[in-house]
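Just so you know, we're using my numbering here: the sequence shown kicks off at 597 and counts up by one.
To keep things clear, I will list the structure first and then write my remarks on it.
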Amino acid sequence: MVYAGPARARRRLREPGGLRGIGRRRPRHAGRRRVDRRAVSAGSASSGSAPLTGRALVAGAAEGAVLYSSEPLSFWGGYDAETGEIIDRRHPLTGRTGAGRIMAIPATRGSSTTTAVLLEAIRRGTAPAAFLTRGPDTFLALAAIVAAQLYHRAPPVIALAAEDFEVLRRMSRARVEPAGTVRVR
597 MVYAGPARAR
607 RRLREPGGLR
617 GIGRRRPRHA
627 GRRRVDRRAV
637 SAGSASSGSA
647 PLTGRALVAG
657 AAEGAVLYSS
667 EPLSFWGGYD
677 AETGEIIDRR
687 HPLTGRTGAG
697 RIMAIPATRG
707 SSTTTAVLLE
717 AIRRGTAPAA
727 FLTRGPDTFL
737 ALAAIVAAQL
747 YHRAPPVIAL
757 AAEDFEVLRR
767 MSRARVEPAG
777 TVRVR
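Given below as structure tokens:
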């Protein structure tokens, strides 16, 4: 069993991306919102689809083309900070440029070196305009927070529920608002 201190901290660990005790299954309804798939499909066909609401780990506004992947990305050796190109040969987005785009990845893969690579990309102006993740990602959030302090600019980092993250697969553009709302087209 994993213990995280006070009850409040234990609840936070059950959020998407958090730790759970070994052998204990989360109830199917816990932390999930029912989504009518037909409504999502119908809404996404028009430009007036319902906005997605996420948790703003780093608040900010951005707009751009969505670069979506269902696979986590390692920034250390997987993202070229000089050009903004994804260079991980085993990743589905290899050869694509993340610079200036709304990057939708479920999480980062690897360690704290993600923060260093992303900081360099932010400094050079080759970082994505925003990050949309499936649950909280501490390495992306840390890079954005430090960049805001050092360079006075940072990409927003928004944690979405799994159902909302999957909606991004079919979207070509998104606008991120400071409160964590994502409007997609």
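Note that CB positions come from ideal geometry on N, CA and C, so glycine has one too.
Give me the Cβ distance between A755 and P732, rounded to the nearest whole Å; I'm assuming they're in contact under 8 Å.
By one-based count along the sequence shown, residue 755 stands at place 159. By one-based count along the sequence shown, residue 732 stands at place 136. The pair is a contact, with the Cβ atoms about 5 Å apart (cut-off 8 Å).
Stretch pair the stretch 694 to 709 + the stretch 666 to 680: three plus CB contacts closer than 8 Å
yes
Who does L728 pair with in a DSSP beta bridge?
Here residue 728 corresponds to residue number 132 of the sequence shown, with the count starting at 1. Answer is A700 and I754.
Going by C-alpha to C-alpha distance, which of R685, A750, T690 and E659 sits closest to L653?
To locate residue 653, count along the sequence shown from 1; it is residue 57. Of the candidates R685, A750, T690 and E659, the one whose C-alpha sits nearest the C-alpha of L653 is A750.
The beta strand (DSSP E) spanning R779 covers which residue range?
In the sequence shown, residue 779 corresponds to position 183, counting from 1. It spans T777 to V780 - the beta strand (DSSP E) in which R779 sits, taken as one unbroken run.
Can you name the residues that DSSP bridges to G660?
Numbered from 1 along the sequence shown, position 64 holds the residue referred to as residue 660. Bridge partners of G660: A770.
Cutoff 7 Å; reference R720; Cβ partners in own chain excluding five residues on either side
Position 124 of the sequence shown, counted from the first residue, corresponds to residue 720. The residues are A677 and E678.
Does I683 pass the burial test, meaning 16 or more other C-beta atoms within 10 Å, or should it be called exposed?
Here the question's residue 683 lines up with position 87 in the sequence shown. Result: exposed.
Going by C-alpha to C-alpha distance, which of R730, G656 and E773 sits closest to A700?
Position 104 of the sequence shown, counted from the first residue, corresponds to residue 700. Comparing Cα positions, the closest option is R730.
I'd like to know whether the C-beta of T693 is nearer than 9 Å to at least one C-beta of chain D.
No chain D is part of this structure, which consists of one protein chain only.
Would V753 and L764 be called neighbours here (beta carbons separated by less than 9 Å)?
As a first step, residue 753 must be located in the sequence shown, where it is residue number 157. As a first step, residue 764 must be located in the sequence shown, where it is residue number 168. No; because the gap between Cβ atoms is not below 9 Å, this pair is not in contact.
Grab me the residues of F761's own chain with a C-beta within less than 8 Å of its C-beta, minus the 5 sequence neighbours each way, in chain order.
On the sequence shown, position 165 is the one that residue 761 refers to. So the qualifying residues of the chain are A700, P702, L728, T729 and R730.
So who's on the other strand from E681, going by DSSP bridges?
Counted from its first residue, the sequence shown places residue 681 at position 85. BP columns for E681 point to T693.
Comparing alpha-carbon positions, which option in L714, I698 and S768 lies nearest L746?
By 1-based counting over the sequence shown, the position of residue 746 is 150. For L746, the nearest C-alpha among the options comes from L714.
Helix, strand or coil at R651 [DSSP, three-state]:
Walking along the sequence shown from the start, residue 651 turns up at place 55. DSSP places R651 in strand when its eight states are reduced to three.
Out of curiosity, what's the CA-to-CA distance linking A657 and A739?
Along the sequence shown, read from residue 1 onward, the residue named residue 657 stands at position 61. Along the sequence shown, read from residue 1 onward, the residue named residue 739 stands at position 143. Computed Cα separation, rounded: 17 Å.
Among R651, G650, G660 and A712, nearest to R781 - alpha-carbon criterion:
As a working note, residue 781 is residue 185 in the sequence shown. Selected option, being the one with the closest Cα: G660.
Have a look at A695 and E681 and give me their C-alpha separation to the nearest angstrom.
Reading the sequence shown from its first residue, position 99 is the one you call residue 695. Reading the sequence shown from its first residue, position 85 is the one you call residue 681. Distance between the alpha carbons of A695 and E681: 7 Å.
Could you name the residues that DSSP lists as bridge partners for Y747?
Taking the sequence shown and counting its residues from 1, the one referred to as residue 747 is at position 151. Answer is none; Y747 lacks a bridge partner.
What does DSSP give as the partner residues of L669 in its beta bridges?
As a first step, residue 669 is located in the sequence shown; it is residue number 73 there, counting from the start. Partner(s): T704.
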